[in-house]
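Presented below is the structure to which this report refers.
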Amino acid sequence: MSIDVHTHFVPRGWPELGWPGAPRLRIDSEREATILVNDRDFRKIQDDCWDPRVRLERMDQDGVDRQVVSPTPVFFGYDRPAAQGVRIAKVFNDLALEICADPRLIPFCQVPLQDPDLACAELDRCVAAGHRGVEIGNHAGDRDLDDPGVVQFLQHCAERNVPVFVHPWDMSAGPRVERWMAQWLVGMPAETHLSILAMILGGVFDRVPDTLRICFAHGGGSFAFWLGRFENAWHRRHDLVGVSERPPSHYLGRFSVDSAVFDERALRLLVDTLGEDHVMLGSDFPYPLGESPSGDLIRRAPFLSGTARAKLLAANAEAFLG
């Protein structure tokens, strides 16, 4: 049994979103298309983004039993006015349910995180319609996950027993990161790392109930590697480092990460640091920087016991999904 908690979809077209330069899709062939942002090529995609039959075939090839299917972050629309953000979310959330009609595909919705009340309302609408969880970006503008409005939304998710998947997005731009795909190679891990810090040092885990089920993409960035650095800073300069009631290591066990680290040594560090109950298979399917075949790293890792391997491949995801 294997469950992939980190995959994305893109519909094969959607209504106009209502502003110049809004994301749209150019159909290049029967199987290929290009996402355009500000009328410029953003990403080439294939039919495994929108066609559930192709997706299910790929899952069978990879030995994946179920997928959590989340939005592609470029469509979050957090920088738009709140009313427009709601419309964007509804468009993609309703299309997601069409793509995820097969029970092997588990839809996660998106919400207008820039407005916590509207975000909570859209979450409730989506859960009632069949979504099983929510994917959020790791920040909304300059508001990180310790922002009061975001904390309000996370508290709502905990109350509704809805799992949350946090994905990095909107990475810093500039000449130094606009070559070699450095925004993806450096920016994505850094954004994820920063938002776990916001949850811990910003005192979010002190304010939200421990029933909140939250998972961070891309192995949690470099959090596991630098935990000792955070711990040392919290003790030595607690006047400057965070408002959390306890040191960072106290909050291990309050969150999970996916396994998209691509290296056995990194996976071992994740399991050693977070525990074998808090790492889940995540591939970033169907994008080219994702793991293929999905779950290959977990299946091949010799340090994992049979029990631990089963947890990482499926059991932890079953607990996360409830």
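First residue of the sequence shown? That's 1 in the UniProt record's numbering, and the numbers climb one at a time after it.
Just so you know, even glycine gets a beta-carbon here, dropped at the ideal spot from N, CA and C.
The structure displayed is predicted, hence computed values, not measured ones.
Is any beta-carbon of chain D found at less than 8 Å from that of residue i?
{"i": "alanine 96", "result": "The structure shown contains no chain D; it holds only a single protein chain."}
With burial defined as no fewer than 16 other Cβ atoms inside 10 Å of the residue's Cβ, what is the status of residue i: buried or exposed?
{"i": "glutamate 191", "result": "buried"}
{"i": "proline 168", "result": "buried"}
{"i": "arginine 66", "result": "buried"}
{"i": "histidine 6", "result": "buried"}
{"i": "leucine 281", "result": "buried"}
{"i": "alanine 72", "result": "This sequence places threonine at residue 72; alanine is not what is there. Buried: at least 16 other Cβ atoms inside 10 Å."}
{"i": "proline 175", "result": "exposed"}
{"i": "arginine 179", "result": "exposed"}
{"i": "aspartate 284", "result": "buried"}
{"i": "histidine 8", "result": "buried"}
{"i": "glutamine 110", "result": "buried"}
{"i": "glutamine 114", "result": "buried"}
{"i": "histidine 193", "result": "buried"}
{"i": "histidine 235", "result": "exposed"}
{"i": "asparagine 138", "result": "buried"}
{"i": "glycine 306", "result": "exposed"}
{"i": "glycine 133", "result": "buried"}
{"i": "glycine 85", "result": "buried"}
{"i": "alanine 83", "result": "exposed"}
{"i": "leucine 197", "result": "buried"}
{"i": "methionine 1", "result": "exposed"}
{"i": "alanine 217", "result": "buried"}
{"i": "aspartate 263", "result": "exposed"}
{"i": "asparagine 38", "result": "exposed"}
Measuring only the C-alpha atoms, how far is residue i from residue j?
{"i": "isoleucine 27", "j": "alanine 315", "result": "39 Å"}
{"i": "leucine 201", "j": "glycine 242", "result": "4 Å"}
{"i": "proline 163", "j": "glycine 228", "result": "28 Å"}
{"i": "glutamate 16", "j": "valine 91", "result": "10 Å"}
{"i": "serine 29", "j": "proline 116", "result": "39 Å"}
{"i": "histidine 278", "j": "proline 20", "result": "42 Å"}
{"i": "residue 385", "j": "valine 204", "result": "The chain is shown only over 1 to 322; residue 385 falls outside these bounds and no answer can be derived."}
{"i": "lysine 311", "j": "serine 256", "result": "12 Å"}
{"i": "proline 52", "j": "isoleucine 35", "result": "19 Å"}
{"i": "histidine 131", "j": "proline 81", "result": "24 Å"}
{"i": "proline 302", "j": "serine 259", "result": "15 Å"}
{"i": "valine 271", "j": "proline 209", "result": "24 Å"}
{"i": "arginine 143", "j": "leucine 267", "result": "30 Å"}
{"i": "leucine 95", "j": "proline 11", "result": "7 Å"}
{"i": "leucine 154", "j": "glutamate 122", "result": "13 Å"}
{"i": "threonine 211", "j": "arginine 309", "result": "24 Å"}
{"i": "arginine 55", "j": "serine 249", "result": "39 Å"}
{"i": "histidine 156", "j": "leucine 185", "result": "33 Å"}
{"i": "leucine 145", "j": "leucine 25", "result": "30 Å"}
{"i": "histidine 238", "j": "methionine 188", "result": "27 Å"}
{"i": "leucine 118", "j": "proline 112", "result": "7 Å"}
{"i": "glutamate 57", "j": "isoleucine 136", "result": "28 Å"}
{"i": "alanine 158", "j": "phenylalanine 108", "result": "15 Å"}
{"i": "glycine 290", "j": "serine 222", "result": "18 Å"}
{"i": "valine 147", "j": "arginine 207", "result": "Strictly speaking, residue 147 in this sequence is aspartate, with valine absent from that position. Rounded to whole angstroms, aspartate 147 to arginine 207 spans 12 Å at the Cα level."}
{"i": "glutamate 32", "j": "phenylalanine 76", "result": "22 Å"}
{"i": "leucine 297", "j": "glycine 322", "result": "25 Å"}
To which residues does DSSP link residue i through a beta bridge?
{"i": "glutamine 67", "result": "Asp4 and Leu105"}
{"i": "cysteine 215", "result": "Phe165 and Ser256"}
{"i": "aspartate 277", "result": "Note: aspartate 277 sits in no beta bridge, so no partner."}
{"i": "aspartate 41", "result": "Leu36"}
{"i": "glutamine 46", "result": "Glu32"}
{"i": "phenylalanine 285", "result": "Thr7"}
Starting from residue i and walking both ways along the alpha helix (DSSP H), at which residues does that stretch end?
{"i": "residue 349", "result": "Any property of residue 349 remains undetermined from this structure, which presents the chain solely from 1 to 322."}
{"i": "valine 54", "result": "52-62"}
{"i": "tryptophan 234", "result": "223-236"}
{"i": "leucine 201", "result": "188-201"}
{"i": "aspartate 207", "result": "Note that residue 207 is arginine in the sequence shown, not aspartate. 204-207 is the extent of the alpha helix (DSSP H) around arginine 207."}
Just curious, the beta strand (DSSP E) that residue i is in, first and last residue?
{"i": "arginine 26", "result": "24-27"}
| message | Please give me, in chain order, every unbroken run of the beta strand (DSSP E) with length at least 3 that falls completely inside the stretch 115-175. | response | 133-137 and 164-167
| Runs of alpha helix (DSSP H) wholly within the stretch 289-316 (minimum 4 residues, chain order) | 296-300 and 306-310
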